[in-house]
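Enquirer:
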Amino acid sequence: MERRDFLKTIGAAAAAFGAAGAQAAAPAQPNIVLIYADDAGYGDIGCYGATSVKTPNLDKLAGAGLRFTHAHATSATCTPSRYSMVTGEYAWRKKGTGVLPGNANLIVKPGRVTIASMLKQQGYTTGVVGKWHLGLGEGDVNWNKEITPGPREIGFDYSFIIPATGDRVPCVFVENQRVANLDPKDPITVSYTDPIPGEPNGKDNPELLTKLKPSHGHDQAIVNGVSRIGYMKGGKAALWTDENIADVLTGKATSFIDRNKAKRFFLYFATHDIHVPRMPNPRFVGKTSMGARGDAIAELDWSVGEVLACLARNGLDKNTLVMFSSDNGPVVDDGYKDQAAEKLGSHKPAGPLRGGKYSNFDGGTRVPFLVRWPGRVKADTISNALVSQVDLLSTFAALTGGKLPAEAGPDSLNVLPALLGDSKTARETLVEHSGTLGLVEGDWKVIEPSARERLQRNTNSETGAAPKPQLYNLTDDIGEKNNLADKYPERVAKMMATLEKIRAAGRSR
Ligand code: NG6
Ligand code: CA
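Under the numbering used here, the sequence shown has 311 at position 311, and the numbering climbs by one with no breaks.
The following block contains the structure:
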């Protein structure tokens with residue numbers, strides 16, 4: 001062995017040794033499994049107070065680790081939150097990072113430092129399984145060939161993805177940038193502008209909607225008895241069956257772990273649950289009193305349990321950092337007549353928070369956030385530290401010894417001490433985003449004025465928009481009921497100025 005390699009080995013051994021100690025400063029390189037739910041709200045899970053649905057696996061995960069009470073997705077919808085998490089940049093800084101159609105192009109520039117490329121550089125084998133929603137390819141996407149650029153070009157060695165969402169065409173899985181199970185004799189055509197002649201659609205052929213009917217929107221291509229957003233034709237053999245999506249994705253996630261157990265790996269497992277259309281597998285139907293939305297939460301919990309069981313089976317518990325979070329807050333009616341509203345009962349999807357998906361109130365972005373790393377993160381603990389998913393890039397770099405170039409992850413702060421439970425505090429400020437911006441600073445939150453509608457169209461979600469700035473004390477008033485802006489105009493002005501500074505600087509790291 002050459003002297004340099006020898007020193008490297010010693011260094012790695014020291015790092016591994018250090019990580020076992022209580023206050024290790026040296027980088028450690030555990031496997032990382034990031035489970036990312038879709039639209040799961042702050043109050044949707046047992047360990048955050050839900051009682052109408054049982055989530056034993058998530059509760060066990062929380063019991064074995066650290067549960068955050070003030071952790072945030074960066075935005076109140078999917079694409080911007082995922083963009084921010086993957087790049088470490090607040091999505092509102094970049095045009096074109098709003099909710100994407102299913103034929104959108106990749107919005108993360110190949111070559112840019114991402115959570116996956118950084119970990120890959122640190123020797124990790126990287127994989128993404130599940131909902132992508134960051135666009136694919138460039139120009140007119142041809143679904144019948146290899147689609148590039150995609151996950152691979154931004155750092156993921158393996159990918160098995162839903163291109164956009166369950167309610168957007170094309171309704172097919174894409175594995176390593178090719179549509180899975182595609183019959184070349186039955187090519188796929190996708191359109192987000194015009195109906196495809198000869199193909200039925202939800203608007204003209206409601207009699208074909210055998211499984212679920214839309215409550216708003218979602219009246220275009222019909223796949224599996226459900227109408228979607230966007231038109232598609234072909235690819236019959238490749239079309240997914242909604243009721244099996246959780247099984248398929250969970251299977252791909254666990255086989256990624258099985259395959260890579262001898263290596264150091266990073267798995268980003270982005271579930272379809274509990275997004276619409278909510279069509280859990282028959283074995284979960286009726287598991288809760290809440291209809292499809294509650295049953296989808298039960299299915300989500302099952303998926304988490306499968307991943308945890310897989311880690312345990314492979315003897316990987318100790319050496320794996322497991323995280324669970326969600327891309328935005330909850331919504332009840334998001335466009336299908338699935339009885340979510342009628343059967344909600346006393347369940348509070350956002351717990352004590354106001355608003356939900358699409359909202360500038362905390363219900364939009366404050367989400368469940370769990371961290372488990374046996375032997376390193378203390379079991380059964382709670383943290384009130386202010387952290388954001390945008391921080392994962394810097395935090396994982398700090399954890400694994402990765403170096404970030406100055407321009408990488410412009411809004412990503414290293415919150416590793418909080419993530420591991422060594423520190424009770426993390427961010428001093430955080431920008432919340434849902435069309436308009438809000439700023440959290442200490443106990444306080446300001447929401448900038450905006451001309452948005454007060455309610456998100458058709459979903460009944462409060463957007464938090466108002467023509468004048470709003471000021472809330474989140475510590476005394478977690479439900480954002482008391483607007484104190486008139487009482488403390490100076491604080492409002494100061495916080496608005498801070499927000500403006502963060503916006504103008506183009507970066508906050
Ligand atoms: C909305 C859809 C909603 C959901 C959302 C994106 C309609 C009427 N509503 O436009 O159903 O798909 O986009 O959700 O089409 S997200 O979680 O991916 O951001
Ligand atoms: Ca979402």
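Don't be surprised by glycine CBs; every beta carbon is placed ideally from N, CA and C.
As the structure is a computational prediction, the values presented were derived from the model and not from experiment.
Out of curiosity, what's the CA-to-CA distance linking P449 and G435?
Expert: Translated into the one-based positions of the sequence shown, residue 449 becomes position 449. Translated into the one-based positions of the sequence shown, residue 435 becomes position 435. Whole-angstrom Cα-Cα distance: 11 Å.
Enquirer: Take P187 and list the residues in its own chain whose beta-carbon comes closer than 8 Å to its own, dropping the five residues that flank it on each side.
Expert: Within the sequence shown, residue 187 is the residue found at index 187, counting from 1. These residues qualify, in order along the chain: W143, N144, G234 and G235.
Enquirer: Rounding to the nearest angstrom, what Cα-Cα distance links G421 and L66 in this structure?
Expert: Position 421 of the sequence shown, counting from 1, holds the residue named residue 421. Position 66 of the sequence shown, counting from 1, holds the residue named residue 66. So the two alpha carbons sit approximately 7 Å from each other.
Enquirer: Output needed for D194: all residues of its chain with C-beta closer than 8 Å, excluding positions within five of it in sequence on either side, in chain order.
Expert: Locating residue 194 in the sequence shown gives position 194, counting from the first residue. Contacts found: Y231.
Enquirer: Are three or more beta carbon pairs between the region 247 to 261 and the region 208 to 215 nearer than 8 Å?
Expert: no
Enquirer: Cβ of C171 versus every heavy atom of ligand 1: is any distance shorter than 7 Å?
Expert: For the purposes of this step, residue 171 is identified with residue 171 of the sequence shown, where counting begins at 1. Checking the Cβ of C171 against ligand 1 gives no.
Enquirer: Starting from the Cα of Y158, find the closest Cα among L267, S52, R168 and L58 and give me that residue.
Expert: Position 158 of the sequence shown, counted from the start, is the residue given in the question as residue 158. When each option's Cα is compared against that of Y158, the closest is L267.
Enquirer: So if I measure from each beta-carbon to every heavy atom of ligand 1 and keep distances below 7 Å, which residues remain?
Expert: D38, D39, T77, C78, T79, V99, H133, T165, D167, R168, H216, G217, H218, I229, H275, V276, D327, N328, D334, G335, K357 and N458
Enquirer: Using 10 angstroms around the beta-carbon of K203, count the other beta-carbons present and answer buried if the total reaches 16, otherwise exposed.
Expert: What you label residue 203 is simply residue 203 of the sequence shown in a count that begins at 1. By the 10 Å Cβ count, K203 comes out exposed.
Enquirer: What first and last residue would you give for the alpha helix (DSSP H) that runs through F396?
Expert: By 1-based counting over the sequence shown, the position of residue 396 is 396. Per DSSP, F396 belongs to the alpha helix (DSSP H) from L392 to T400.
Enquirer: Rounded to the nearest angstrom, what separates D183 and P200 at their Cα positions?
Expert: Here residue 183 refers to the residue found at position 183 of the sequence shown. Here residue 200 refers to the residue found at position 200 of the sequence shown. If I take the Cα positions, the gap works out to 21 Å.
Enquirer: Once DSSP output is grouped into helix, strand and coil, what is the label at K120?
Expert: Walking along the sequence shown from the start, residue 120 turns up at place 120. Three-state DSSP puts K120 in a helix.
Enquirer: Identify, in the order they occur along the chain, each residue of the same chain with its Cβ nearer than 6 Å to the Cβ of A237, setting aside the five sequence neighbours on each side.
Expert: For the purposes of this step, residue 237 is taken as the residue at position 237 of the sequence shown. Within the same chain, A237 has close Cβ partners N181 and D183.
Enquirer: Give the DSSP-derived three-state secondary structure of I154 in the structure shown.
Expert: Indexing the sequence shown from 1 puts residue 154 at position 154. Reduced to three states, the DSSP call for I154 is helix.
Enquirer: Mapping DSSP to helix, strand and coil, what is S52?
Expert: As a working mapping, residue 52 is identified with position 52 in the sequence shown. The answer is coil: DSSP assigns S52 none of H, G, I, E or B.
Enquirer: Mind checking whether G401 and Q122 have CB atoms under 8 Å apart?
Expert: Indexing the sequence shown from 1 puts residue 401 at position 401. Indexing the sequence shown from 1 puts residue 122 at position 122. Closer than 8 Å, so yes.
Enquirer: Can you give me the Cβ contacts of P163 inside the same chain, cut-off strictly under 7 Å, excluding the 5 residues immediately before and after it?
Expert: The residue given as residue 163 occupies position 163 in the sequence shown. Result list for P163: G102, W132, L136, P170 and V174, in chain order.
Enquirer: Output the distance between the C-alpha atoms of F17 and L404, rounded to the nearest integer angstrom.
Expert: In the sequence shown, the residue the question calls residue 17 occupies position 17. In the sequence shown, the residue the question calls residue 404 occupies position 404. Note on F17: pLDDT 39, under 50, position unreliable in the model; the coordinate value appears next. Roughly 24 Å separates the two Cα atoms.
Enquirer: In whole angstroms, what separates the C-alpha of W240 from that of V172?
Expert: Here the question's residue 240 lines up with position 240 in the sequence shown. Here the question's residue 172 lines up with position 172 in the sequence shown. Cα to Cα, the separation comes out at about 5 Å.
Enquirer: Once the 5 residues before and after I10 are set aside, which same chain residues still bring their CB inside 8 Å of it?
Expert: The residue you call residue 10 lines up with position 10 of the sequence shown. Note that I10 scores 42 on pLDDT, short of 50, meaning its location in the model is unreliable; the coordinates nonetheless yield the value given after this. No residues qualify anywhere along the chain.
Enquirer: When you compare the region 299 to 316 with the region 334 to 352, are there three or more beta-carbon pairs, one atom per stretch, that lie closer than 8 Å?
Expert: no
Enquirer: Could you give the DSSP three-state label for F17: helix, strand or coil?
Expert: Here the question's residue 17 lines up with position 17 in the sequence shown. The predicted model places F17 with a pLDDT of 39, which falls under 50 and marks its position as unreliable; any figure quoted below should be read in that light. If DSSP states are grouped into helix, strand and coil, F17 belongs with the helices.
Enquirer: Out of K424, K494 and K357, which has the shortest C-alpha to C-alpha gap to H433?
Expert: Here residue 433 refers to the residue found at position 433 when the sequence shown is read from its first residue. When only C-alpha atoms are compared, the closest one is K357.
Enquirer: Apply the 10 Å Cβ neighbour rule to R376 and answer buried if 16 or more other Cβ atoms are within range, or exposed otherwise.
Expert: The residue you call residue 376 lines up with position 376 of the sequence shown. Flag for R376 reads buried.
Enquirer: Measuring only the C-alpha atoms, how far is A350 from D327?
Expert: Here residue 350 refers to the residue found at position 350 of the sequence shown. Here residue 327 refers to the residue found at position 327 of the sequence shown. Going from the Cα of A350 to the Cα of D327 covers about 13 Å.
Enquirer: Are the C-beta atoms of E306 and some chain E residue less than 8 Å apart?
Expert: Given the protein chain composition of this structure (a single chain), no chain E is represented.
Enquirer: For K8, which of helix, strand or coil comes out of DSSP?
Expert: For the purposes of this step, residue 8 is taken as residue 8 along the sequence shown, with counting starting at 1. Any reading at K8 must be qualified, since the residue scores a pLDDT of 43, below 50, and its modelled position is unreliable; the value itself is stated next. Three-state result, K8: helix.
Enquirer: Could you pull out every residue in the same chain whose Cβ sits closer than 8 Å to the Cβ of G345, ignoring the five residues on either side in sequence?
Expert: For the purposes of this step, residue 345 is taken as residue 345 along the sequence shown, with counting starting at 1. Within the same chain, G345 has close Cβ partners S52, S289 and M290.
Enquirer: Near T55, what residues of its chain come up, given a Cβ to Cβ distance below 6 Å and the 5 sequence neighbours on each side ignored?
Expert: As a position in the sequence shown, residue 55 is number 55, starting the count at 1. Answer for T55: I45, G46 and D301, listed in chain order.
Enquirer: Just to check my reading of the structure: T125 and K261 have Cβ atoms closer than 8 Å, yes? What is that Cβ distance to the nearest angstrom?
Expert: Here residue 125 refers to the residue found at position 125 when the sequence shown is read from its first residue. Here residue 261 refers to the residue found at position 261 when the sequence shown is read from its first residue. Contact doesn't hold; Cβ gap of about 10 Å is too wide.
Enquirer: Could you please give the first and the last residue of the uninterrupted alpha helix (DSSP H) stretch that includes R82?
Expert: What you label residue 82 is simply residue 82 of the sequence shown in a count that begins at 1. Unbroken alpha helix (DSSP H) run through R82: C78 to T87.
Enquirer: How long is the line joining the alpha carbons of S461 and N314, rounded to whole angstroms?
Expert: Taking the sequence shown and counting its residues from 1, the one referred to as residue 461 is at position 461. Taking the sequence shown and counting its residues from 1, the one referred to as residue 314 is at position 314. Taking the straight line from one Cα to the other gives about 43 Å.
Enquirer: Exposed or buried, what is A504 when buried is set at 16 or more other beta-carbons lying within 10 Å of its beta-carbon?
Expert: One-based indexing of the sequence shown puts residue 504 at position 504. A504 is exposed by the Cβ-count criterion.
Enquirer: With the cut-off set at 8 Å, would you say Q177 and G217 are in Cβ contact?
Expert: What you label residue 177 is simply residue 177 of the sequence shown in a count that begins at 1. What you label residue 217 is simply residue 217 of the sequence shown in a count that begins at 1. For Q177 and G217, no; Cβs fall outside 8 Å.
Enquirer: Tell me the residue span of the beta strand (DSSP E) that contains I502.
Expert: The residue labelled residue 502 in the question sits at position 502 within the sequence shown. Counting along the chain, I502 falls outside any beta strand (DSSP E), though it belongs to the alpha helix (DSSP H) covering P489 to A505.
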